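What follows is a short report on a single structure.
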Amino acid sequence: DQQVKQNSPSLSVQEGRISILNCDYTNSMFDYFLWYKKYPAEGPTFLISISSIKDKNEDGRFTVFLNKSAKHLSLHIVPSQPGDSAVYFCSRSYGQNFVFGPGTRLSVLP
Amino acid sequence: KAGVTQTPRYLIKTRGQQVTLSCSPISGHRSVSWYQQTPGQGLQFLFEYFSETQRNKGNFPGRFSGRQFSNSRSEMNVSTLELGDSALYLCASSLGTGSNTGELFFGEGSRLTVL
Chain A
1 DQQVKQNSPS LSVQEGRISI LNCDYTNSMF DYFLWYKKYP AEGPTFLISI SSIKDKNEDG
61 RFTVFLNKSA KHLSLHIVPS QPGDSAVYFC SRSYGQNFVF GPGTRLSVLP
Chain B
1001 KAGVTQTPRY LIKTRGQQVT LSCSPISGHR SVSWYQQTPG QGLQFLFEYF SETQRNKGNF
1061 PGRFSGRQFS NSRSEMNVST LELGDSALYL CASSLGTGSN TGELFFGEGS RLTVL
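Chains as they are written, first to last, in the working numbering: chain A, 1 to 110; chain B, 1001 to 1115.
Structure follows, in structure tokens:
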């Protein structure tokens, strides 16, 4: 049972344009959804989160939107930069339980 | 403050051998969790330790085990290695109590290759 789904394994975007990464979930019990970014040969690093009581959270170029009725969230990166090229993981947290999606590889083309 | 430290960073083993990986969490963090990353599978949860006790366990065979010491450092062991165990093993630490954003702090991982 894949509780957190990221149906796009990869995404390519032109530099300066918007990147939209999507995540769907099945279990409605959660405290937060978190996005992590991972570069090759490094561990994932926390990017941005959204709590269960909000529908939007913004931090600089990064905005996460949560649609609880559709059990869907998305990460928007505007404008996209080449340094954003990485694998992005969506993660659900509930108490001390964490479930990660399979990740989406974002390539930002100069 | 120092981040999460994992050793060794890279190792090569042969089928049937066993391996031990080590993780030192961020100072003050009492929860250590382990994940396996393979291409296309994302991060698969292995287990989580808090105050020397296994608090959560993922869906992995008994060949995968772990422990946590009184200083919160953790080790994981894989016995009777199989080719499919080749992966990046990531350790993450957190305070382990309550919930701010639930953020995990990851180490750089131990890359295991089984030949």
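All C-beta atoms, glycine included, are put in the ideal place defined by N, C-alpha and C.
Keep in mind that this is a model prediction, so the values were computed, not measured.
Counting only runs of at least 3 residues, the segment 54-99 of chain A fully encloses the following beta strand (DSSP E) elements, listed from N- to C-terminal order: 56-59, 62-67, 72-77, 86-94.
The Cβ of glutamine 96 of chain A sits closer than 8 angstroms to at least one Cβ of chain B. Taking the C-beta atoms as reference points, leucine 1043 of chain B is found no nearer than 8 angstroms to tryptophan 1034 of chain B. Residues of the segment 1034-1055 of chain B whose Cβ lies closer than 9 angstroms to any Cβ of chain A, in chain order: Tyr1035, Gln1037, Gly1040, Gln1041, Gly1042, Leu1043, Gln1044, Phe1045, Glu1048, Phe1050, Arg1055. Uninterrupted alpha helix (DSSP H) stretches at least 4 residues long and entirely within the segment 29-55 of chain A do not occur.
For alanine 1002 of chain B, no beta strand (DSSP E) run applies, since DSSP gives it neither H nor E.
The residue from A/Tyr36, A/Val99, A/Ser8 with its alpha-carbon nearest to that of valine 64 of chain A is A/Tyr36.
Leucine 34 of chain A is positioned such that its CB atom lies no closer than 8 angstroms to that of leucine 106 of chain A.
Beyond the five residues adjoining it in sequence on each side, glycine 1016 of chain B comes within less than 7 angstroms, by CB distance, of Thr1080, Leu1081 in the same chain, given in chain order.
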